Each structure stands twice: as structure tokens, then as C-alpha cells.
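Residue numbers (my numbering): 19 to 193.
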């Protein structure tokens, strides 16, 4: 999984044609620092790859080996992959802020922790689930938010369900 993270980050940073192709977006995110690349798959569907260093809360079933309690947070490298289907794009065409709402299937991978009070059973945790979100563009700035349930797991066989997983991000769109 570490090699997968390095490969995705390398693709995002080193591919020179990402800057020049129309309808594709390369964005620097600030709230969960990283770089995201969104590319169209169809008229209203896109694939977004987002890699960086982010913060997350602990998934209870993945932190059983050490028996820690209370709020638990972690800072770790992540890869977030979302297949999105946008809707209501026509309503936003005349507005000063572009963007739309979307439904997505999300895969989230977190690598070994850099900081935090979480000692998970395994260095690598993953989550998968549907999400509903919105994306708004204000010139070169983009605001992104999504919410949805996730099924999370690690490589030791531990897993669980989290009913409300939130995502917030603010980024600068590069051309």
C-alpha cells in the first residue's frame, strides 16, 4: 500500500500534461493538505485522486490492541479516490460560483501515522462507502464538502461501520 501511495503522488506531481488538458482539474488542498486531480469519465461523471498528509479520527474497531480511550486523532499520509456523478449542473451555469452536487463512491486509505494519540492494530487502514457532496468554485478557489457512511477495515481482519463520515476541503485550482 505504501508503494501505491507513492505511485499516485508521483503521477499527480510529475505528469506535465495535467496542467494543459481541458476539463481536468489539478488542485492544491489546504484543510487536509494535499494535491488532487479530477478528470472527467463522462458528461457528468469524474474520477478524483487526492493524495497528501491529513488528519483523521480513530476508527474504534481498528484501535483495540492497546485499549486507549477518549478522543483519538491521527496525522498520516492518505490517498482518497472518488468516482463522482454530478447533478444540478445546469442550475449553476449562470451563477458567479460554479460547481455542483454529487453522489460518489469513495475509497480512503491511510498509511502509517506521523503524529497523534492513536496506535492502530495495523499501519494501514482503509474505508469504503457512498457519499453525497457539493463542490463550489469561486474563480480559482474551490470549496468541497461531503458526508456519508463508511465501512472501514485493516489488514488484520478488524473492521467496523461509521454512519457519518465528514469531509471538508478548501483548495486552489491550478491551470
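By construction, the Cβ of each residue, glycine as well, lies at the ideal position given by its N, Cα and C atoms.
These numbers were taken from a predicted model, which means no experiment stands behind them.
(message) Between which two residues does the beta strand (DSSP E) holding residue 164 run?
(response) According to the DSSP assignment, residue 164 belongs to the beta strand (DSSP E) that extends over 159-172.
(message) Helix, strand or coil for residue 177? Go by DSSP, reduced to three states.
(response) In the structure shown, the three-state DSSP call for residue 177 is strand.
(message) Assuming residue 61 is part of the beta strand (DSSP E), what are its boundary residues?
(response) For residue 61, no beta strand (DSSP E) segment is defined, and its DSSP state is neither H nor E.
(request) Determine the burial state of residue 157: buried for a count of at least 16 other Cβ atoms within 10 Å of its Cβ, exposed for fewer. (result) A residue is called buried once 16 or more other Cβ atoms fall within 10 Å of its Cβ, and residue 157, having fewer, is exposed.
(message) Going by C-alpha to C-alpha distance, which of 105, 132, 58 sits closest to residue 91?
(response) When each option's Cα is compared against that of residue 91, the closest is 132.
(request) Mind reading off the beta-carbon distance from residue 150 to residue 192? Whole number of angstroms is fine, and I expect it under 8 Å. (result) Not really, about 27 Å apart at Cβ, beyond 8 Å.
(message) Using a Cβ-Cβ cutoff of less than 8 Å, which residues in the same chain neighbour residue 159 once the five nearest sequence positions on both sides are dropped?
(response) So the list reads 188, 189, 190, 191, once near-sequence residues are dropped.
(request) Return helix, strand or coil for residue 129, following the three-state DSSP convention. (result) Three-state DSSP puts residue 129 in coil, outside helix and strand.
(message) At the level of alpha carbons, what is the spacing between residue 106 and residue 118?
(response) Their Cα atoms are separated by approximately 6 Å.
(request) Please classify residue 178: is it buried, with 16 or more other beta-carbons within 10 angstroms of its beta-carbon, or exposed? (result) Using a 10 angstroms sphere on the CB of residue 178, the tally of other CB atoms stays under 16, which defines it as exposed.
(message) Quick check on residue 140: does DSSP put it in helix, strand or coil?
(response) The answer is coil: DSSP assigns residue 140 none of H, G, I, E or B.
(message) So residue 18 and residue 146 are supposed to be a Cβ contact under 8 Å. How far apart are they, rounded?
(response) Nothing can be reported for residue 18: it is not among the residues displayed for the chain, which extend from 19 to 193.
(message) For residue 97, list the residues DSSP reports as bridge partners.
(response) Residue 97 is bridged to 69, 127.
(request) Ignore the nearest five residues each way along the sequence and tell me which others in residue 72's own chain have a CB closer than 6 Å to its CB. (result) When the five nearest sequence neighbours on each side are left out, the beta carbons in the same chain lying within less than 6 Å of the beta carbon of residue 72 are those of 50, 96, in order along the chain.
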